[in-house]
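**Q** Sharing a structure with you now.
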Amino acid sequence: DDAFDYLFKIILIGDSNVGKTCVVHRFKTGHYNEKQQNTIGVDFTVRSMDIDGKKGSSIHWPLQLLSFLLQIQVWDTAGQERFRTITQSYYRSAHGAIIAYDLTRRSTFESIPHWIHEIEKYGAANLVIMLIGNKSDSLDKRQVLFEDACTLAEKHGLLAVLETSAKEAQNIEELFTLMAKELIARNTLQLHGKNPPNSFCLDSR
Amino acid sequence: AGRLVGALDAVLDSNARVAPFRILLQVPGSQVYSAIACGATAEEINQHWEWLEQNLLHTLSVFDNKEDIVSFVKGKVKALIAEETSSKLAEQEEDPEKFRDALVKFESRFNFPEAEKLITYYSCCCWKGKVPRQGWLYLSINHLCFYSFFLGKELKLIIPWVEVQKLERTSNVFMTDTVRVTTANKERDFSTFLNITEAFRIMEQLADVTLRRLLDNEIFELDPGLQDPTQITKRDLEARAQNEFFRAFFRLPRKEKLHEVVDCSLWTPFSRCHTVGRMYTSDSYICFASKENGCCNVIIPLREVISIEKMEDTSLLPNPIIVSIRSKTAFQFIELKDRDTLVENLLQRLKEVNSSNSVHCNNLQNNNQVLISLSLISLSLCLLSSCSSISSLSLGDDLYKVLSKTFPPEREQIKESLWDDHFVEYGRTVCMFRTEKIRKLVAMGIPESLRGKLWLLFSDAETDLASHPGYYVHLVETSMGKCCMATEEIERDLHRSLPEHPAFQSEPGIAALRRVLTAYAHRNPKIGYCQSMNILTSVLLLYAKEEEAFWLLVAVCERMLPDYFNHRVIG
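Here the protein sequences come in this chain order: A and B. Just so it is clear: in the first sequence, position 159 is 159 by the UniProt record's numbering, and no numbers are missing. Just so it is clear: in the second sequence, position 516 is 516 by the UniProt record's numbering, and no numbers are missing.
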């Protein structure tokens with residue numbers, strides 16, 4: 001266990017049935033579970049990640065020559081409003097938060113400001129926040145424009161917005177890599193600026 | 001080191017002016033001794049001695065010098081005597097004198113606003129480090145306070161009930177029976193109560209009532225008498241504690257109100273003797289618990305009762321009453337004090353239960369007609385299109401057939417036959433004799449074929465089911481098709497409830513699940529729909545019929561885990 005350079009705790013939040021658990025399941029196992037039961041309270045997943053700065057990456061990253069072995073703990077929460085009292089207690093120890101919405105369901109996007117407010121209220125001050133619009137495999141049912149998500153993310157100073165698909169494995173690995181790199185950078189370079197130095201958006205393509 | 005030498009002075013005083021038995025306190029090297037207990041009989045004095053031994057003796061080793069011991073013990077005994085006399089009077093708060101005194105002291109010592117009502121007070125010790133401080137514990141509606149003036153030092157403690165995180169009875173190194181009050185940053189131990197059980201019960205109640213007032217009043221039901229804190233009395237709290245104990249012990253519905261508690265004996269055929277215990281009667285139940293814990297309990301819903309009769313009083317069977325129930329068995333209770341009033345009250349309640357049942361029965365007939373016509377309509381609808389209406393209520397049976405048999409059949413058979421034997425000997429209805437054996441059988445795992453039946457029986461969802469004919473159908477009828485927050489949430493989770501089970505991969509299973517959850521949300525808007533109720537209901541539907549599953553869900557949400565599924569899940 002001492003072999004890890006870093007251990008990061010990431011909390012995954014968002015409305016019910018946006019696909020949070022499927023995203024975690026894809027990240028952990030590489031598979032998509034068609035028959036996923038709803039989460040009750042909080043679930044917990046661990047995966048180790050190898051972040052190699054030398055490997056080709058289009059993303060600008062200040063630590064390009066180094067590589068790190070990480071352990072990622074994902075705290076997957078229940079989306080239903082009434083479980084919030086339970087999930088609130090997990091914010092404090094988290095290093096990063098991923099807020100998920102369902103891009104085929106507008107209402108889940110509209111609760112994002114509320115989720116950001118929850119993080120501000122219960123999380124640590126320098127928590128890294130990312131936004132994901134899941135179910136990008138169903139673009140024909142899209143109800144949320146990617147541009148709208150980017151505007152929202154910029155307004156609240158989030159690290160990035162990604163459109164993901166747990167079903168078709170789009171941007172899932174990228175999501176966690178991005179989060180991990182930012183957390184490494186902040187911890188290594190002691191960057192605690194208000195706005196993250198490299199804020200950008202990635203869509204599903 | 002200073003140790004107590006307690007001598008039991010068993011010399012009979014012929015003058016009989018002083019009590020014949022006394023316990024004297026004397027420390028080594030001192031000529032002075034003082035009486036700390038007296039009694040008229042050896043038995044009585046032995047009781048005193050036991051109390052001293054258990055509660056006081058261990059404590060004394062913490063003192064460094066003998067004078068402290070003497071002053072501690074004397075102070076303690078004095079306080080106990082004071083409490084004994086005062087509590088006898090102050091018990092009913094009608095006696096204003098002693099209570100008034102305590103109230104004046106409480107007010108002057110703690111300076112609360114007048115609205116802070118003192119409920120009761122006890123003499124006890126509060127542990128400060130390793131030293132017990134003798135003093136008075138004041139329990140008021142919002143605070144637990146302790147005052148002590150001991151060995152020249154004053155100690156004042158104020159703990160608001162809101163800050164109490166835990167109340168427990170423990171024992172520490174020096175003391176056998178202690179109440180530990182835990183707050184965020186401190187633990188406090190109180191001991192040497194005259195009646196620790198009573199004190200603890202009142203403390204528990206006050207902490208609980210405060211917590212409930214703090215949380216939403218609407219969600220956590222509070223007896224109307226306790227809504228207004230200034231109206232709370234010690235007697236209310238004790239009655240509430242007893243009622244709660246009764247409901248929790250027999251797992252009865254929340255609204256059930258305890259009426260009588262009577263000592264008696266019940267004929268238990270399996271042991272071929274009368275079992276000593278207590279009868280508890282409430283609005284719609286007669287319950288019995290053996291004196292020996294877990295030996296035998298019986299729960300008789302009044303709606304199962306056919307008759308309650310007084311039998312001839314003989315020396316062998318003093319004051320017997322016979323309670324006959326529908327499944328052609330009868331219970332014989334004996335040694336009932338004041339059985340005339342008891343039987344009268346029971347018959348009155350039996351009448352009330354029966355009359356409310358007959359109302360239901362009338363409803364049933366009407367509902368049956370509605371059901372028949374509804375079935376016809378929905379049947380035709382079914383033919384026309386895929387039907388989400390309430391066509392059939394025996395859906396649970398179909399689901400049960402889909403159940404994959406994962407358990408080895410031989411073991412299942414063994415378990416089934418063990419249960420069968422048990423039914424024969426102890427009864428097979430709600431009114432069965434419940435002994436330790438049931439616990440063991442359940443721990444072995446209930447065989448799949450009996451799960452539905454036994455769940456209904458032990459949760460007593462069966463009584464709800466039987467006493468509310470037509471209720472579920474009506475509920476489904478009125479709730480389906482209505483759109484609200486709960487139905488949206490239910491819809492989202494229907495395909496995420498035991499999704500790997502074949503029963504919930506096709507429309508009939510999903511539809512049954514939808515109906516039960518929607519009907520429940522409609523029945524109890526305070527809970528509505530909470531995630532995980534879907535998974536629970538799926539499992540219930542696998543083992544019970546749809547209507548039964550509904551009442552099992554009711555039992556879990558409202559009786560077995562009250563306050564768990566809420567608008568806010570606290571965890």
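Glycine included, C-beta positions come from ideal geometry on N, C-alpha and C.
1. What does DSSP give as the partner residue(s) for K166/B in the beta ladder?
2. Comparing C-alpha positions only, which one of H501/B, E436/B and L513/B sits nearest to R492/B?
3. Starting from the C-beta of N354/B, find all residues in its chain whose C-beta is less than 7 angstroms away, skip the five residues before and the five after it, and write them out in chain order.
4. Is it buried or exposed for M485/B, if we count other Cβ within 10 angstroms and need 16 for buried?
5. CB-CB under 6 angstroms to V556/B, same chain, minus the five flanking residues each way: which ones, in chain order?
6. Return yes when the Cβ of I334/B is within less than 9 angstroms of the Cβ of P318/B, no when it is not.
7. I want to see whether chain A comes within less than 9 angstroms of R201/B, judged by CB atoms only; does it?
8. For the alpha helix (DSSP H) that H114/A lies in, which residues bound it at each end?
9. DSSP on Q365/B, reduced to helix/strand/coil?
10. Taking any Cβ of chain A, which residues in the stretch 502 to 532 of chain B have a Cβ under 7 angstroms from it, in chain order?
11. Taking 7 angstroms as the limit between beta carbons, can you name the residues of its chain near P160/B, skipping five residues before and five after?
12. Below 9 angstroms between beta carbons: does that hold for G133/A and Y90/A?
13. Determine the closest residue to N171/A out of L69/A, L7/A and G30/A, with distance taken between C-alpha atoms.
14. Give the range of the alpha helix (DSSP H) segment to which C125/B is assigned.
15. Considering only their Cβ atoms, is the gap separating E546/B from R515/B smaller than 9 angstroms?
16. In the DSSP assignment, find the unbroken alpha helix (DSSP H) run with R235/B in it and report its ends.
17. Could you tell me whether any Cβ in chain A is nearer than 9 angstroms to the Cβ of P499/B?
18. Quick one: which chain A residues come within Cβ less than 7 angstroms of H567/B?
19. In terms of residues, what are the limits of the beta strand (DSSP E) holding W75/A?
20. Buried or exposed: where does N38/A fall if 16 or more other Cβ atoms within 10 Å of its Cβ makes it buried?
21. For Y101/A, name the three-state secondary structure that DSSP assigns.
22. Along chain A, in chain order, which residues have C-beta atoms closer than 7 angstroms to that of D493/B?
23. Please decide whether R496/B counts as near chain A, where near means a Cβ-Cβ distance under 9 angstroms.
24. Checking the sheet assignment: what are the DSSP bridge partners for G133/A?
25. Is it buried or exposed, I306/B, if we count other Cβ atoms within 10 angstroms and call 16 or more buried?
26. Nearest chain A C-beta to E558/B closer than 9 angstroms, yes or no?
27. Pick out whichever of P269/B, V262/B and I286/B has its Cα sitting closest to the Cα of R277/B.
28. Can you tell me whether L69/A is buried or exposed, with buried defined as 16 or more other CB within 10 angstroms of its CB?
29. Between the Cα of E34/A and the Cα atoms of G19/A, T77/A, Q73/A and W115/A, which residue gives the shortest distance?
30. Are any of the Cβ atoms in chain A nearer than 9 angstroms to that of E489/B?
31. Which first and last residues belong to the alpha helix (DSSP H) in which T21/A is found?
32. Indicate the three-state DSSP secondary structure (helix, strand or coil) for G152/B in the structure shown.
33. Using C-beta distances below 6 angstroms, list every residue in its chain close to L237/B, excluding the 5 sequence neighbours before and after it, in chain order.
34. So, M279/B versus L266/B, is the Cβ gap smaller than 9 angstroms?
35. Measuring straight from C-alpha to C-alpha, what distance separates G481/B and V162/B?
**A** On the basis of the data shown:
1. T182/B
2. L513/B
3. none
4. exposed
5. none
6. yes
7. no
8. I112 to Y122
9. Bear in mind that the predicted position of Q365/B carries a pLDDT of just 44, short of 50, making it unreliable; the figure below should be weighed with that in mind. Three-state DSSP puts Q365/B in a helix.
10. C530, Q531 and S532
11. N142 and H143
12. no
13. G30/A
14. Run containing C125/B: none in the alpha helix (DSSP H); it sits in the beta strand (DSSP E), L118 to K128.
15. yes
16. K234 to F250
17. yes
18. R82
19. S67 to T77
20. buried
21. strand
22. N38
23. yes
24. Y101/A and E163/A
25. exposed
26. no
27. The question names Arg, but residue 277/B is Gly in the sequence shown. Of the listed residues, the one whose Cα sits closest to G277/B is V262/B.
28. exposed
29. G19/A
30. yes
31. K20 to T29
32. coil
33. I202 and Q205
34. yes
35. 44 angstroms
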